[in-house]
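K.L.:
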Amino acid sequence: MQLASAVDPQMADLSNKLIYSAMVVYTLAMFAHMIEWTFGSRGAVAVRSKEQAGSLSETVAAAGRKAAKKVTVTVAGAGGGTTTLTRTAVAGEGATVVTSGRGAEEEDGPGAAGTNDKADLAGRIAVSLTVLALLLHGGGIVARGLSVSRWPWGNMYEFSCAFAFAMAGAYLVLLASRKKVRWLGLPVVVAVLLTLGIATTTLYTDSEQLVPALHSPWLAIHVSTAIFCGGAFYAAFIATLLYLGKDSFEKRVEAGLTTGPFGTSASIWRRLPAASTFDKLSYRINALVFPLWTFTIIAGAIWAEAAWGKYWEWDPKETWSFITWVAYACYLHARATAGWKGRKAAYLALAAFACWLFNYYGVNIFVTGKHSYAGI
Amino acid sequence: MSNTTTETEQPPAPDDTAAERLSTAPVESDGPTGMGAFGWARWMWRQLTSMRVALILLFLLSLAAIPGSLIPQYQNGQGQLKVEAWKAQHGTVAPIYEKLQLFDVYSSVWFSAIYILLFVSLAGCIVPRTWQFVGVLRSQPPVAPRNLTRMPVHAVWRTGADPDTVNAAAHRLLRKRGFRANLSGGSVAAEKGYLREVGNLLFHLSLFALLGGFAWASLASGTGGKLMIAGEGYSNTITQLDDFNGTRFYGNQDLDPFYLKLDGFTSAFQTKGDQIGAARQFTANVEYYAGSDESKLKKSTIEVNHPLEIGGSKVYLIGHGYAPVVTVRNGKGDVVYQGAVPFLPQDANLTSTGVVKVSDYGTGPDGTRTQMGFSGFFLPTAPLSFEGTGPVSLFPGDAEPELVLNAFAGDLGTDSGLPQNVYQLNTRKLTQLTQDGQPAKARLKPGQGWTLPDGYGSVTFEGYKQWASFNVSHRPGNAIALTGAVLAILGLIGSLFIQRRRIWVRAVALPGGGTQVELAGLARSESAKIAEELAELAVDLQDDAPASEEEDGQTAPEDGEAVPEDGEAVPENGDPAAPDDPEAEASAPAVPADQNSKE
Ligand code: HEM
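Chains A and B supply the protein sequences, listed in that same order.
In this text, residue positions in the first sequence follow the working numbering: the first is 1, and each later residue adds one.
In this text, residue positions in the second sequence follow the working numbering: the first is 377, and each later residue adds one.
Dropping the structure here:
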């Protein structure tokens with residue numbers, strides 16, 4: 001009998017310490033974000049953010065110069081208002097400046113910090129802390145992989161760590177590409193902490209090699225795309241919730257009320273982007289991820305074919321992936337069906353995400369099937 | 377989203393074909409038109425192929441799939457056993473569940489009904505859509521509507537350039553941007569993003585390929601099982617397989633002919649940590665030839681994720697265990713049995729149980745014809761003592777192998793002619809041998825023998841071999857399903873990442889001199905992208921049609937009529953069809969959803 005390849009206990013231990021440290025730093029980032037939200041409510045909510053004001057003046061300056069080409073495109077808004085988009089090209093320099101002004105009803109809020117400088121500082125600290133935590137987190141995952149010389153996602157614990165990493169990473173990539181998504185910081189950090197918390201407490205398993213059914217290149221492909229899809233569905237879920245909240249808030253404002261839904265403070269909602277922005281965001285993410293999720297399921301089927309001789313057996317995990325897939329297809333259909341747009345489609349998106357969550361935790365914990373052979 | 381009343385208001389109908397929809401999605405119909413059975417049938421068909429019903433059916437499909445994941449299913453691995461166990465536990469509801477086909481959800485009448493309806497709906501939807509789309513491809517992009525400033529996305533400026541020059545320049549620029557453009561009647565009509573529709577149609581069509589692959593597999597596949605001890609081989613025929621499940625087009629006579637022999641088996645297990653004993657590697661070394669030509673014998677290995685393909689079948693490794701080799705001698709010292717007997721694993725540490733049936737024992741100590749049977753355990757790693765635990769193995773590897781046996785004498789029942797389970801002893805006509813009033817029992821290490829009580833002879837545990845069990849599976853249709861799946865993904869990418877849009881440009885001479893340039897864009901949803909694209913085009917176009925000086929580049933025309941400030945001039949769905957035209961409803965989301973997620 002041969003011995004299985006060994007596990008490096010020091011690396012495994014280092015991995016655990018790094019993950020714990022990352023959790024501590026994420027917690028600090030969470031506090032910083034909370035401070036940002038708290039201080040931000042004190043500053044008056046500006047109608048237009050500073051950045052926008054800045055680029056407006058730039059445009060004006062550019063337009064004032066000779067030989068500038070300038071076009072204003074008028075866009076009819078959903079509620080009947082209009083929005084304009086102005087593009088200015090300075091002849092000879094080739095540079096263009098784009099400014100968009102929006103109709104009042106579609107105003108995006110200025111962000112968590114409002115116009116308060118202290119809150120803004122807290123927000124910046126929170127982002128720096130998140131970056132640090134992500135580095136520790138990534139180190140932990142790499143160390144885990146090194147300790148067993150394989151891809152570090154062979155069981156639910158490892159899967160959850162990688163999933164949380166994908167979530168935080170996606171958020172920081174968006175920030176780095178200058179998208180205004182700092183308002184996502186608090187929900188993302190909370191979601192990451194929850195995932196890591198569950199992973200380190202109830203799902204933890206020691207660093208080990210894999211059972212032979214998991215020895216396959218499809219493991220790396222199937223599981224890593226599943227992790228990515230999970231992170232993205234999570235983000236779309238947050239955006240959908242915020243869409244529903246902000247949409248109710250906007251309706252309440254129209255009805256003359258001054259508080260947000262469920263007695264929440266209006267100041268929070270006012271600082272957030274417009275409902276239509278959230279709606280667009282959640283649709284974009286879901287639409288982007290749906291083909292990848294389709295691919296994940298197919299990769300899983302190919303792997304199952306290689307391992308068990310049948311690509312589809314209606315094993316509980318397979319069944320729930322299918323249910324999730326159909327639920328998201330429902331959502332995409334709903335957006336193209338009269339009478340199902342807007343809030344109803346959003347409820348479908350929530351239901352689809354609930355299916356995803358059940359597939360992720362529920363099936364492993366409550367149902368036994370072929371996917372539950374690795375620790376938990 | 378805040379003000380939906382505009383939806384119902386009557387916009388001054390912008391003329392003609394510009395309103396043509398950017399999607400071939402089916403149209404909502406209100407109620408049966410015309411009387412009589414034909415009218416009703418047509419109405420029902422329309423309903424079935426509508427987006428609303430497709431949505432409901434999809435939703436039902438996901439709901440209907442749920443029970444199968446919570447209740448054991450016949451078709452799952454070891455389904456039969458699990459279903460029986462479940463039924464035993466839930467005596468009262470089990471018959472009702474059986475009636476409702478809840479143990480067979482995915483081939484039940486109701487589940488099938490849902491997906492068949494869905495696919496009928498899909499066929500009824502996709503065929504007309506494909507025709508319609510072919511029509512769109514064969515005709516030119518729809519001519520510009522009369523008033524471009526009524527379009528949801530537009531730009532206007534005045535220039536000194538000649539209208540024809542401007543139109544020609546616009547035509548050239550749009551072509552350069554990859555639009556299909558047509559210049560006629562003093563305006564340019566252009567369209568781009570046909571691949572979106574192609575992708576959407578391809579996606580839905582490839583769902584049929586997927587379904588076809590599934591159906592073909594369920595009609596023409598078969599699986600058999602075969603357990604082999606190292607050194608054994610078999611020919612793939614119905615008589616030599618342990619079991620076989622065929623289908624309509626792959627039955628007992630259709631088995632792919634080949635020969636397969638298990639040379640040896642290697643396994644490795646985790647030796648420390650909290651997953652101690654977990655399997656790390658299984659490899660079966662085999663020899664085989666396809667057909668009946670023995671000279672083509674080849675060597676290969678089969679591992680858990682690496683089946684071996686022989687002819688039209690794939691051979692999968694699905695289990696392994698130990699087969700103790702025993703020799704039984706009768707009272708006279710004649711060898712009456714010798715061979716390896718596979719024992720079946722009962723737990724993760726390969727505590728295995730099995731039986732040895734000696735049907736040709738001859739005459740017993742009492743002079744009558746008798747048979748003997750042995751039942752027992754094989755423990756690859758035996759504990760020092762069984763106290764408190766019984767005979768259990770501590771580890772799946774063969775670190776401390778032991779064979780534990782009980783002995784029976786009498787009638788095995790093998791002469792009745794009925795097929796018998798080779799892994800069980802029918803003890804009805806057997807008596808257990810005893811020693812000192814206790815059931816006779818022995819713990820043997822390899823090489824050890826056991827002298828049976830009452831002069832029944834002896835048993836020797838010679839050693840052990842490994843065995844492996846295989847699934848021999850013939851499944852056609854995989855290639856069809858896989859092709860369908862790949863096309864579906866490609867289609868989805870086209871459908872979700874590409875945006876179909878139209879741009880119109882019209883330059884007209886103004887009565888007071890000069891030229892007014894109007895640009896308008898229409899996308900399936902009001903996205904920022906179409907506005908940006910229009911702006912870029914306009915900037916480029918200003919090389920040929922510079923904005924007049926006095927306006928200082930200002931673009932908003934003075935006549936308020938052109939700008940829909942009153943919020944009623946433009947239907948919110950970005951589709952300027954008259955709202956009483958039901959087509960307007962199905963064509964685009966109300967919320968400005970950007971379909972173009974490419975960047
Ligand atoms: C068999 C189950 C079906 C599945 C899994 C499915 C899935 C999808 C998905 C994922 C999309 C989104 C892609 C996109 O937005 O372009 C879509 C779009 C679409 N589906 Fe289906 N579909 C199914 C059946 C049907 C049926 C029965 C119909 C016809 C009634 C239909 C008509 C459409 C149309 C018209 C669109 C495009 C919507 C738009 O223009 O945005 N589908 N489908």
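Yeah, the Cβ is synthetic: ideal placement off N, Cα and C, and Gly gets one too.
Look at A:T337 and B:M427 and say whether their C-beta atoms are less than 8 Å apart.
P.N.:
Cβ distance < 8 Å, so A:T337 and B:M427 count as in contact.
K.L.:
At the level of alpha carbons, what is the spacing between B:F555 and B:A566?
P.N.:
Roughly 6 Å between the two C-alpha positions.
K.L.:
At a Cβ threshold of 8 Å, is A:W37 touching chain B?
P.N.:
Not closer than 8 Å to any Cβ of chain B, the Cβ of A:W37 fails to qualify, so no.
K.L.:
Helix, strand or coil for B:L806? Go by DSSP, reduced to three states.
P.N.:
DSSP places B:L806 in strand when its eight states are reduced to three.
K.L.:
Give me whichever residues DSSP pairs with B:V893 in a beta bridge.
P.N.:
BP columns for B:V893 point to B:W533 and B:A883.
K.L.:
In whole angstroms, give me the CA-to-CA distance for A:I378 and B:L895.
P.N.:
Nothing about residue 378 of chain A can be read from this structure; chain A reaches only from 1 to 376.
K.L.:
Does A:W183 come within less than 8 Å of chain B when only Cβ atoms are used?
P.N.:
Chain B contact via Cβ: absent.
K.L.:
Write down the C-beta distance between B:S637 and B:E663 rounded to the nearest angstrom, noting that I regard them as a contact closer than 8 Å.
P.N.:
The displayed chain sequence assigns Lys, not Ser, to residue 637 of chain B. Correct: roughly 5 Å between the Cβ atoms.
K.L.:
Let me check understanding here. Comparing Cα to Cα, which of B:G640, B:L788 and B:G825 lies closest to B:E778?
P.N.:
Cα-wise, what sits closest to B:E778 is B:G825.
K.L.:
Measuring only the C-alpha atoms, how far is B:K648 from B:F771?
P.N.:
Straight-line Cα distance between these residues: approximately 11 Å.
K.L.:
Let me see if you follow: with CB-CB separation under 8 Å, is B:G598 close to chain A or not?
P.N.:
No, B:G598 does not count as interfacial toward chain A.
K.L.:
Could you check where the beta strand (DSSP E) with B:K841 kicks off and where it finishes?
P.N.:
Where B:K841 is concerned, the enclosing beta strand (DSSP E) stretches over S834 to H850.
K.L.:
Give me the chain B residues within the contact set of A:R87, using Cβ-Cβ distance strictly less than 8 Å, ordered along the chain.
P.N.:
Those within 8 Å of A:R87 in chain B are E908, A911, E912, A914 and V915.
K.L.:
A:A14: beta carbon under 7 Å from a heavy atom of the ligand HEM?
P.N.:
Before going on, a small fix: residue 14 of chain A reads as Leu here, not Ala. It does not: the Cβ of A:L14 is nowhere closer than 7 Å to a heavy atom of the ligand HEM.
K.L.:
With a threshold of 7 Å, establish whether the CB of B:L898 neighbours any heavy atom of the ligand HEM.
P.N.:
Not under cutoff, so the answer is no.
K.L.:
How many angstroms separate the CA atom of A:E158 from the CA atom of B:G789?
P.N.:
Between A:E158 and B:G789, the C-alpha separation is close to 54 Å.
K.L.:
Take the Cβ of B:G888 as the centre, count every other Cβ of all protein chains shown within 10 Å, and call the residue buried at 16 or more, exposed below.
P.N.:
Under this definition B:G888 is an exposed residue.
K.L.:
Excluding sequence positions up to five away, which residues of its chain have a Cβ less than 8 Å from the Cβ of A:S160?
P.N.:
Taken in chain order, the residues that qualify are T195, L196, I198, A199 and L203.
K.L.:
Give the residues from the segment 273 to 303 of chain A that approach chain B closer than 8 Å (Cβ to any Cβ), ordered along the chain.
P.N.:
Answer set for the segment 273 to 303 of chain A: A275, S276, D279, K280, Y283, R284, A287, L288, F290, P291, T294, F295, I298, A301, I302 and W303.
K.L.:
Rounded to whole angstroms, what is the Cα-Cα separation between A:C355 and B:T727?
P.N.:
C-alpha separation (whole angstroms): 39 Å.
K.L.:
Measuring straight from C-alpha to C-alpha, what distance separates B:Q800 and B:P822?
P.N.:
Roughly 23 Å between the two C-alpha positions.
K.L.:
Report all residues from its chain with a CB closer than 8 Å to the CB of B:D942; omit the five preceding and five following residues, and keep chain order.
P.N.:
The pLDDT assigned to B:D942 is 37, lower than 50, so where the model puts this residue is not dependable; a value taken from the coordinates is nonetheless given after this. Taken in chain order, the list of residues that qualify is empty.
K.L.:
DSSP beta-bridge partners for B:Q477?
P.N.:
The partner list for B:Q477 (beta bridge, DSSP) is empty, contrary to what the question assumes.
K.L.:
List, in order along the chain, the chain B residues whose C-beta lies closer than 9 Å to that of A:H222?
P.N.:
Within chain B, no residue comes near A:H222; the closest Cβ sits about 12 Å away, beyond 9 Å.
K.L.:
Taking the alpha helix (DSSP H) that B:T541 belongs to, which residues open and close that run?
P.N.:
Taken as a continuous stretch (DSSP letters only), the alpha helix (DSSP H) holding B:T541 covers P539 to K552.
K.L.:
Distance check for B:W507 and B:G412, CA to CA, integer angstroms please.
P.N.:
Each residue's Cα considered, the two are about 28 Å apart.
K.L.:
Near B:F750, what residues of its chain come up, given a Cβ to Cβ distance below 6 Å and the 5 sequence neighbours on each side ignored?
P.N.:
Same-chain partners within the cutoff: V732, L781 and A783.
K.L.:
According to DSSP, is A:N359 part of a helix, a strand, or is it coil?
P.N.:
Helix at A:N359.
K.L.:
Could you tell me whether any non-hydrogen atom of the ligand HEM is closer than 7 Å to the CB of A:A329?
P.N.:
Result yes, Cβ under 7 Å from the ligand HEM.
K.L.:
A:A166 to B:T659, Cα distance in whole Å?
P.N.:
In a straight line, the C-alpha of A:A166 is about 35 Å away from that of B:T659.
K.L.:
DSSP on A:W151, reduced to helix/strand/coil?
P.N.:
Looking at A:W151 - three-state DSSP - the assignment turns out to be coil, as it is neither helix nor strand.
K.L.:
Which residue marks the beginning of the alpha helix (DSSP H) containing B:P372, and which one marks its end?
P.N.:
The structure shown does not extend to residue 372 of chain B, since chain B spans only 377 to 975, so no value can be given for it.
K.L.:
Could you tell me if the beta carbon of B:M427 falls within a distance shorter than 7 Å of some heavy atom in the ligand HEM?
P.N.:
Yes; taking the cut-off as 7 Å, the Cβ of B:M427 has a heavy atom of the ligand HEM nearer than that.
K.L.:
Given 7 Å as the limit, tell me if A:A301 has its C-beta closer than that to any heavy atom belonging to the ligand HEM.
P.N.:
Result no, Cβ not under 7 Å from the ligand HEM.
K.L.:
Could you compute how far the alpha carbon of B:V564 sits from the alpha carbon of B:S488?
P.N.:
Answer to the nearest angstrom: the Cα atoms are 51 Å apart.
K.L.:
In chain order, which beta strand (DSSP E) runs of at least 3 residues are fully inside the segment 576 to 627 of chain B?
P.N.:
Those beta strand (DSSP E) runs which fall completely within the segment 576 to 627 of chain B and span 3+ residues are 598 to 605, 609 to 611 and 619 to 621.
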